[in-house]
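Structure first, commentary second.
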Amino acid sequence: AEEVEEEQEEGMTEYERKREENMRRNQEILASLSLPSLPVQPPPSRSSSVRARGLQPQKKEEQAPTRQRSLRIQGKDSEGQMLPPSFKEPLSLRAFDREREEERERRDRD
1161 AEEVEEEQEE GMTEYERKRE ENMRRNQEIL ASLSLPSLPV QPPPSRSSSV RARGLQPQKK
1221 EEQAPTRQRS LRIQGKDSEG QMLPPSFKEP LSLRAFDRER EEERERRDRD
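Going by my numbering, the sequence shown opens with residue 1161, and the numbers climb by one from there.
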């Protein structure tokens, strides 16, 4: 038996030799544990009906995703209350910043 193993080991790569040695060592460790052997169960017999395995695709009703609209676009404030009809959005932040700066200058002068 050793001669056969030596002949097989000659054609093995280093990885295969390490793997075989590791498996032998693991078998020795298992044998030293004196664990009771488990009865070998035969594989379940295949029935005549073949059962599909894995996840089955579920059919869903195709719905267009609901798009979220911002409260601002809906004409509401941050709490969901309707904005007054006289509400106007600033045309640009620069204009808004310019107005705030002018207000500060007026307050500083007074």
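Even for Gly, the Cβ is constructed at its ideal location relative to N, Cα and C. Small disclaimer: the values here were computed from a predicted structure and weren't measured.
query                                                                        : result
Rounded straight-line distance, which links the Cα of Q1234 to that of G1240 : 9 Å
Limits of the alpha helix (DSSP H) - the one that M1183 falls within         : 1174-1192
Contact check, M1242 vs K1248, beta carbons under 7 Å                        : no
N1182 to L1198 span [Cα, whole Å]                                            : 23 Å
Separation of L1231 from S1238, as counted between CA atoms                  : 7 Å
Contact test: I1233 Cβ vs the ligand HEM heavy atom, cutoff 6 Å              : No copy of the ligand HEM appears in this structure; indeed no ligand is present at all.
For K1236, the residue or residues it bridges with in DSSP                   : M1242
Euclidean distance between Cα positions of P1225 and R1258                   : 40 Å
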